[in-house]
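Numbering of the sequence shown is given in this note's numbering, commencing with residue 438 and proceeding in unit increments.
One structure is given below, encoded as structure tokens.
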Amino acid sequence: MKFRIIFLKKKHIYYAVLSLIIIILLVVLLLTKKSVSTFNTLVDNNKIIQADLTGDGKKDILYIKVENGKYYMEVNDGKNNYYLETSKNLPTAGLYDANNPMKITLMDITRDKVPEIFTQSSENGKGVQHVFIYSDGIFKDMFCDSNKIIGFVDVSNNKTPKFLTGKITNKNIELSNYIFLPDQKKLENFPYNYKDNYMGKDNVYSFIKLIEGLPQSASNKLENIFYPGLTEENISVIERLAQDNNTYVFQNCVFKDIKSDNNGEISEILWTINFKGTSISDKNKIKNYTLNLLLKPSNKTEDNKAFKIYSISF
Numbered sequence: 438m439k440f441r442i443i444f445l446k447k448k449h450i451y452y453a454v455l456s457l458i459i460i461i462l463l464v465v466l467l468l469t470k471k472s473v474s475t476f477n478t479l480v481d482n483n484k485i486i487q488a489d490l491t492g493d494g495k496k497d498i499l500y501i502k503v504e505n506g507k508y509y510m511e512v513n514d515g516k517n518n519y520y521l522e523t524s525k526n527l528p529t530a531g532l533y534d535a536n537n538p539m540k541i542t543l544m545d546i547t548r549d550k551v552p553e554i555f556t557q558s559s560e561n562g563k564g565v566q567h568v569f570i571y572s573d574g575i576f577k578d579m580f581c582d583s584n585k586i587i588g589f590v591d592v593s594n595n596k597t598p599k600f601l602t603g604k605i606t607n608k609n610i611e612l613s614n615y616i617f618l619p620d621q622k623k624l625e626n627f628p629y630n631y632k633d634n635y636m637g638k639d640n641v642y643s644f645i646k647l648i649e650g651l652p653q654s655a656s657n658k659l660e661n662i663f664y665p666g667l668t669e670e671n672i673s674v675i676e677r678l679a680q681d682n683n684t685y686v687f688q689n690c691v692f693k694d695i696k697s698d699n700n701g702e703i704s705e706i707l708w709t710i711n712f713k714g715t716s717i718s719d720k721n722k723i724k725n726y727t728l729n730l731l732l733k734p735s736n737k738t739e740d741n742k743a744f745k746i747y748s749i750s751f
């Protein structure tokens with residue numbers, strides 16, 4: 438019997454070792470991933486979202502379906518089906534509206550590596566919000582409201598995450614603050630004296646009113662809401678909206694911090710805002726617009742690190 442001796446060249450050994458290191462790093466990354474988040478997914482009609490929603494390490498399937506104009510939600514883990522039943526305080530997941538479809542956000546505010554399900558929809562012109570948590574083998578609706586704004590604070594650092602819900606008034610954006618209580622497995626509201634520029638909400642409010650005033654408001658100069666040196670590329674987004682010759686109506690939005698510094702202080706915030714645009718020349722022409730606003734603390738001393746709009750994109 439003859440034996441073959443295989444000689445490997447140095448470069449082959451190098452590539453083999455490099456491949457092994459990459460595989461190990463990928464495995465470690467998957468095993469140590471702290472949280473799962475899917476940010477602001479639009480549900481035009483029937484939708485399937487895959488994520489581990491039950492904490493068994495396997496991807497489950499979240500079904501969002503429309504029957505007789507109403508939204509229904511269900512999770513399948515491969516063995517069981519879990520119907521997401523809405524609270525008696527708001528016994529609806531919303532009505533399907535092609536001009537204002539449901540939005541789904543998966544965010545782990547409990548820090549247990551299993552994301553909660555946040556839904557935003559509408560019914561008869563009012564907002565419909567629900568927050569579902571997987572607990573004791575079922576999905577519970579632990580929060581519901583008719584607001585049109587949801588937000589997440591301290592999700593990019595090691596502080597306790599906060600969930601916010603809010604609405605737009607004639608003067609500003611009003612927010613309510615909640616934290617998760619692990620022992621009671623519920624969201625608890627606690628008073629917080631917000632400053633006008635908290636999470637950049639004052640500048641976002643001015644921006645929303647600017648868009649709602651188009652095309653007439655296109656000439657308005659609101660330089661104080663923008664980060665110093667905002668590029669023409671970003672300004673062109675507003676000009677394009679004005680040129681589309683629509684009237685714009687705010688529908689809903691969601692925001693979260695996406696970056697914090699070494700001290701745990703928030704340094705970047707993302708606001709995703711949805712508008713309904715109706716053609717001025719033809720009321721039957723309706724289009725949805727989603728704008729992403731990135732906010733950063735101003736570098737001007739007089740602004741006292743207030744969050745300003747750093748970029749605008751579709």
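Think of the CB as a built atom: it goes at the ideal place given N, C-alpha and C, for glycine as much as any other residue.
CB-CB length for residue i against residue j, believed under 8 Å
i, j, result
"leucine 532", "lysine 507", "6 Å"
"asparagine 634", "phenylalanine 751", "Between phenylalanine 751 and asparagine 634 the Cβ distance is about 25 Å, and since that is not below 8 Å, they are no contact."
"glycine 515", "lysine 495", "7 Å"
"asparagine 682", "serine 716", "7 Å"
"isoleucine 749", "leucine 728", "6 Å"
"aspartate 578", "glutamate 522", "7 Å"
"serine 388", "leucine 624", "The chain is shown from 438 up to 751; residue 388 falls before or after that span and cannot be answered."
Those residues which DSSP pairs with residue i across a bridge
i, result
"asparagine 729", "Thr709, Ser750"
"asparagine 614", "Leu601"
"glutamine 653", "None, per the DSSP bridge assignment."
"asparagine 513", "Ile498, Asn518"
"serine 697", "Ile703"
"lysine 577", "Ile570"
"serine 716", "Asn683"
"glutamate 739", "The partner list for glutamate 739 (beta bridge, DSSP) is empty, contrary to what the question assumes."
"alanine 488", "Asp497"
"phenylalanine 555", "Thr542, Val568"
"glutamate 560", "Lys563"
Alpha-carbon to alpha-carbon, residue j and residue i
i, j, result
"serine 524", "glutamate 739", "47 Å"
"asparagine 518", "glutamate 511", "7 Å"
"serine 472", "threonine 547", "Low confidence applies to serine 472: its pLDDT is 43, below 50, so where it sits in the model is not reliable, and the reading given next is rough at best. Taking the straight line from one Cα to the other gives about 10 Å."
"tyrosine 571", "glutamate 553", "7 Å"
"glutamine 621", "tyrosine 642", "35 Å"
"tyrosine 631", "isoleucine 586", "16 Å"
"aspartate 549", "aspartate 489", "12 Å"
"alanine 679", "glutamine 487", "37 Å"
"leucine 659", "valine 686", "19 Å"
"asparagine 526", "lysine 724", "32 Å"
"threonine 529", "tyrosine 520", "13 Å"
"leucine 764", "tyrosine 747", "Only positions 438 to 751 of the chain appear in the structure, and residue 764 is not among them; the question remains open."
"lysine 720", "glycine 714", "10 Å"
"aspartate 493", "phenylalanine 576", "15 Å"
"threonine 668", "asparagine 661", "14 Å"
"tyrosine 726", "leucine 651", "13 Å"
"lysine 596", "glutamate 649", "35 Å"
"isoleucine 513", "isoleucine 498", "Before going further, note that residue 513 is asparagine rather than isoleucine in the sequence given. If I take the Cα positions, the gap works out to 5 Å."
"asparagine 711", "proline 619", "33 Å"
"lysine 604", "asparagine 584", "5 Å"
"isoleucine 616", "phenylalanine 569", "14 Å"
"isoleucine 459", "serine 735", "Summary for isoleucine 459: the model assigns pLDDT 48, below 50, so the residue's position carries little reliability; its value from the coordinates is reported in the next sentence. The straight-line gap from Cα to Cα measures roughly 39 Å."
Inspect the CB distances between the region 678 to 698 and the region 575 to 592 and report whether three or more fall short of 8 Å. Flag = yes, the region 678 to 698 and the region 575 to 592 touch.
Would you be able to state if there are at least three C-beta pairs under 8 Å between the region 597 to 613 and the region 638 to 656? Per the Cβ contact rule, the region 638 to 656 is in contact with the region 597 to 613 (3 or more Cβ pairs under 8 Å).
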